[in-house]
Amino acid sequence: MLPLHDILVEQFKSEFGEDLLHCEIRNRPEGVKRPRDQRSLWLTFHRRHFHMAVTFLSRFGAPHISCPMASREYEDRIDLIYPFTIYGGTGNYMELPVIITAQVPRDDLRIRTVTDIVPGILFMERETREMLGIDIEDIPDERRLFTPGNLPPEMKPMLETYRGAGRGGGR
Amino acid sequence: MSKSTSTFPLSIGPTHPAFKEPVKFSFEVDGEKIVRTDMDFGYTHRGIEHVARERNFIQVIYLLERICGICSVSHPMAYCLAVENAAGIEVPPRAKYVRTIIGELERLHSHLLWTGVAAHEIGFDTLFLHTWDIREKVMDCLELLTGNRVNYAMLTIGGVRRDIAPEHYGILEETLDYYRELYNRTREILLEDLTVQMRCRDIGVLTYEDAVALCAVGPTARASGLPKDVRIDYPCNAYPDIEWLRPASPRDIGKEPRGDVFDRMIVRVLEMKQSVEIVGFCLDNMPDGEIVVESKAIKLINQLKKVKGDGLGRYEAPRGEVAHFDILDEREGPAQIKVKAPTYSNAAAWAVMFNGAEIADIPIIAASIDPCIACADRMTVIKNGCGGLSFTAEELHRLSVEKQKRIKATCGNS
Amino acid sequence: MLASVYKIIEQFFTEKSTNLFPAKRKPASVSEFLARKPLIAPVPTPPDYRGRLAFDYQACIGCAMCEKVCPARAIEMYPVIEKEKRTKRIVIYLARCTFCSECVKVCPRDAITMSGDFMMADYDRNSPSLVVGLEERRKNEVAPEEKPDTPQE
Numbered sequence: 001m002l003p004l005h006d007i008l009v010e011q012f013k014s015e016f017g018e019d020l021l022h023c024e025i026r027n028r029p030e031g032v033k034r035p036r037d038q039r040s041l042w043l044t045f046h047r048r049h050f051h052m053a054v055t056f057l058s059r060f061g062a063p064h065i066s067c068p069m070a071s072r073e074y075e076d077r078i079d080l081i082y083p084f085t086i087y088g089g090t091g092n093y094m095e096l097p098v099i100i101t102a103q104v105p106r107d108d109l110r111i112r113t114v115t116d117i118v119p120g121i122l123f124m125e126r127e128t129r130e131m132l133g134i135d136i137e138d139i140p141d142e143r144r145l146f147t148p149g150n151l152p153p154e155m156k157p158m159l160e161t162y163r164g165a166g167r168g169g170g171r
Numbered sequence: 172m173s174k175s176t177s178t179f180p181l182s183i184g185p186t187h188p189a190f191k192e193p194v195k196f197s198f199e200v201d202g203e204k205i206v207r208t209d210m211d212f213g214y215t216h217r218g219i220e221h222v223a224r225e226r227n228f229i230q231v232i233y234l235l236e237r238i239c240g241i242c243s244v245s246h247p248m249a250y251c252l253a254v255e256n257a258a259g260i261e262v263p264p265r266a267k268y269v270r271t272i273i274g275e276l277e278r279l280h281s282h283l284l285w286t287g288v289a290a291h292e293i294g295f296d297t298l299f300l301h302t303w304d305i306r307e308k309v310m311d312c313l314e315l316l317t318g319n320r321v322n323y324a325m326l327t328i329g330g331v332r333r334d335i336a337p338e339h340y341g342i343l344e345e346t347l348d349y350y351r352e353l354y355n356r357t358r359e360i361l362l363e364d365l366t367v368q369m370r371c372r373d374i375g376v377l378t379y380e381d382a383v384a385l386c387a388v389g390p391t392a393r394a395s396g397l398p399k400d401v402r403i404d405y406p407c408n409a410y411p412d413i414e415w416l417r418p419a420s421p422r423d424i425g426k427e428p429r430g431d432v433f434d435r436m437i438v439r440v441l442e443m444k445q446s447v448e449i450v451g452f453c454l455d456n457m458p459d460g461e462i463v464v465e466s467k468a469i470k471l472i473n474q475l476k477k478v479k480g481d482g483l484g485r486y487e488a489p490r491g492e493v494a495h496f497d498i499l500d501e502r503e504g505p506a507q508i509k510v511k512a513p514t515y516s517n518a519a520a521w522a523v524m525f526n527g528a529e530i531a532d533i534p535i536i537a538a539s540i541d542p543c544i545a546c547a548d549r550m551t552v553i554k555n556g557c558g559g560l561s562f563t564a565e566e567l568h569r570l571s572v573e574k575q576k577r578i579k580a581t582c583g584n585s
Numbered sequence: 586m587l588a589s590v591y592k593i594i595e596q597f598f599t600e601k602s603t604n605l606f607p608a609k610r611k612p613a614s615v616s617e618f619l620a621r622k623p624l625i626a627p628v629p630t631p632p633d634y635r636g637r638l639a640f641d642y643q644a645c646i647g648c649a650m651c652e653k654v655c656p657a658r659a660i661e662m663y664p665v666i667e668k669e670k671r672t673k674r675i676v677i678y679l680a681r682c683t684f685c686s687e688c689v690k691v692c693p694r695d696a697i698t699m700s701g702d703f704m705m706a707d708y709d710r711n712s713p714s715l716v717v718g719l720e721e722r723r724k725n726e727v728a729p730e731e732k733p734d735t736p737q738e
């Protein structure tokens, strides 16, 4: 019997205690004739506990990464949002998205890689490095992914402060 | 003496056969066998996520339709699911069923297109033209329902834009009967032909452990024995109502999944049958009611302007899982959209599949995970710096066809 | 194997729906040449096909909702004077249009309509056949209103 969302939350709380900065379960009803609830789990950590959190998550099932990392910018920090999902392929309606947010302070933009736990995240980490300028430590492959080699290294296209050269920005 | 054991580098790309996006491959080849693969992306990077920041909620839907021509309903679908999750909008039941019908018709046409492309790559041109001919019926159906053969413009946040009128039901049922009749004959040609099996068996293998570790999705993962399918694992639209839906797998016809190109072909053929049955189910059980929550576009934008939050939307495109993560921040448009196409997830698995294959197998392995439409052109063989030979697309294709003839000759003689 | 052979033989008896390329060398007069040899017509489009746009100048009220929803920014507004009041009308640049029909759906007076015509190619993207509403613009456009200097953002 796979641990469901409520048991998972209890386990995370007992393992991490105060380090789990925020945790939330979201419900959404789906289906017309056979309605069922779709749940997702949203956790927030500081970047120094992030690698431990993903290792703890991998004890329940091999995590699958759904989407490259999204980012929210605040004055003193940048939040990196990693949408993992576990229990994929184990049976009907069992998959659970576990969305882990890692808080990275703005004066020290780096975070540890998780390719040792989820090897498929390599391309997404390469994209985050070049688009947001956050240094991923111990990454096995340091090359750029999408931007050409002659783009100046100061240009970080996905940061809010970057506005296309000479255009004055959007609305 | 060391020359006989060293490998030499073979570069293919950026614009080259059997791909949608131009991708640069660098192989290390030992004789005819490939030893190592490396890939280089970024040649069609269009900055869509950056452009989407400067558009409002309705304009982004049409921008996302044009990310990919074949799975052109999947990206707006995942976007609408993500925004509806973030804003807490309920979709009316009839709209859910219409969305499912359009999604499954698109899956049918995409798998027929793939079958033609794969057959062309191995030199079986009769099958290529046969499947593209069959595909015309579903394209006519889509044109009748949506107004265009590609880029359907059917979706909006909170529902769909056009309804399926009662006079369309008859034409849809006719199309489904046409495909049910043709299914057995097509399946025979695809799966029981000996030369197709000899070209595709045990080529481009992706093991179960690699599929889990590298996060493979879609038919690529299902052919390796990993039954991941977003329609069953995390369903939306009308999929929770369909009790008999299971992920397609080679085990359904009694073969153990080995993760090679032939298993991917089996999975796609079985999914074509599934799509026809799902559309039949939706037509029989269509609920009544309205098709959209808010039909006036400007009012919708003003409602969404008050929302702050984020949401994850996932959908099963013909190639795998499409996921969008949207952040809404009280603006007229999304503050950030992150797009993950299924080929992005399968790209890491691609590198593993080429090891141990021959050069003439490169087109079929590359086409087996179903990247987008074939873009033309060159392949240059570099021999340690002394000039180079150049093959055009026709010549590479000719190599592939000649291998087919050799196999037919040995198979005919034995 | 037999299934493919059967399909090939069937092809000899079906009606053709495509045309072979008509001539090997360019004829002296293209329209005469085409008139001599009847070509198979294109497949007719269904009733709700999203084709060429048409604009009704009299029905428009100048509310600018179409300009706001256009994904390609293909709609441009220009000032006119109607019934002694300053208002606006539009032109639509078909070379930029994506034929999504958002402007058709959003217009409160149904001033924009779509037809089934899809053969719209032209050599010049600003020619009257590709800019909907160009003649009315040339007749009715007035100079923009004088505004006091606003500070730049």
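Residue numbers (the working numbering), protein chains in the order written: chain U, 1 to 171; chain R, 172 to 585; chain C, 586 to 738.
For every residue, glycine included, the Cβ atom is placed at its ideal position computed from N, Cα and C.
If we define contact as Cβ-Cβ less than 9 angstroms, is residue i a contact residue for chain C?
i                     : result
residue 466 (chain R) : yes
residue 256 (chain R) : no
residue 586 (chain R) : Residue 586 (chain R) is absent from the model: chain R starts at 172 and stops at 585.
residue 301 (chain R) : yes
Return no unless some Cβ of chain R is closer than 9 angstroms to the Cβ of residue i.
i                     : result
residue 650 (chain C) : yes
residue 633 (chain C) : yes
residue 66 (chain U)  : yes
residue 52 (chain U)  : no
residue 683 (chain C) : yes
residue 687 (chain C) : yes
residue 653 (chain C) : yes
Could you tell me whether any Cβ in chain U is nearer than 9 angstroms to the Cβ of residue i?
i                     : result
residue 557 (chain R) : For residue 557 (chain R), the predicted model reports a pLDDT of 37, less than 50, meaning its position is unreliable; a value from the coordinates is still stated below. No, because no Cβ of chain U sits closer than 9 angstroms to the Cβ of residue 557 (chain R).
residue 488 (chain R) : no
residue 187 (chain R) : no
residue 553 (chain R) : In this predicted model, residue 553 (chain R) has a pLDDT of only 27, less than 50, meaning its place in the structure is not dependable; the value taken from the coordinates is given anyway. Judged by the 9 angstroms Cβ criterion, residue 553 (chain R) is not in contact with chain U.
Would you mind stating whether residue i and residue j have Cβ atoms separated by less than 9 angstroms?
i                     : j                     : result
residue 75 (chain U)  : residue 106 (chain U) : yes
residue 66 (chain U)  : residue 496 (chain R) : yes
residue 464 (chain R) : residue 318 (chain R) : no
residue 649 (chain C) : residue 662 (chain C) : yes
residue 158 (chain U) : residue 220 (chain R) : yes
residue 279 (chain R) : residue 436 (chain R) : no
residue 537 (chain R) : residue 521 (chain R) : yes
Can you name, in chain order, every residue of its own chain whose Cβ lies under 7 angstroms from the Cβ of residue i, other than the five neighbours on each side?
i                     : result
residue 314 (chain R) : 320
residue 55 (chain U)  : 117
residue 500 (chain R) : 479, 506
residue 694 (chain C) : 644, 645, 646
residue 555 (chain R) : The predicted model places residue 555 (chain R) with a pLDDT of 34, which falls under 50 and marks its position as unreliable, so this point remains unresolved.
residue 710 (chain C) : 680
residue 419 (chain R) : 393, 438, 441, 442, 445
residue 358 (chain R) : 440
residue 670 (chain C) : none
Looking only at C-alpha atoms, which of the options sits nearest to residue i?
i                     : options                    : result
residue 703 (chain C) : C:709, C:593, C:627, C:640 : C:627
residue 109 (chain U) : U:115, U:88, U:131, U:97   : U:131
residue 31 (chain U)  : R:452, R:234, R:410, R:419 : R:410
residue 531 (chain R) : R:256, R:370, R:274, R:232 : R:370
residue 247 (chain R) : R:334, R:454, R:400, R:234 : R:234
residue 513 (chain R) : R:533, R:486, R:527, R:523 : R:486
residue 177 (chain R) : R:528, R:264, R:204        : R:204
residue 257 (chain R) : R:306, R:266, R:328        : R:328
residue 344 (chain R) : R:215, R:232, R:450, R:427 : R:450
For residue i, which residues in the same chain have their Cβ closer than 6 angstroms to its Cβ, ignoring the five residues on either side in sequence?
i                     : result
residue 717 (chain C) : 638, 640, 677
residue 281 (chain R) : 241, 489
residue 385 (chain R) : 519, 520
So, at 8 angstroms on beta carbons, what are the nonlocal neighbours of residue i in its own chain, with the 5 sequence-adjacent residues on each side left out?
i                     : result
residue 300 (chain R) : 287
residue 5 (chain U)   : 25, 39, 41, 96
residue 724 (chain C) : none
List in chain order: all unbroken alpha helix (DSSP H) runs of 4+ residues lying wholly within the stretch 637-703 of chain C.
-> 650-654, 687-691
Inside the stretch 322-404 of chain R only - beta strand (DSSP E) runs reaching at least 3 residues = none
Mind listing, in chain order, the continuous alpha helix (DSSP H) runs of no fewer than 4 residues lying wholly within the stretch 491-515 of chain R?
-> none
Go through the stretch 10-57 of chain U residue by residue and report every complete run of the alpha helix (DSSP H) that reaches 4 residues or more, in order.
-> 47-57
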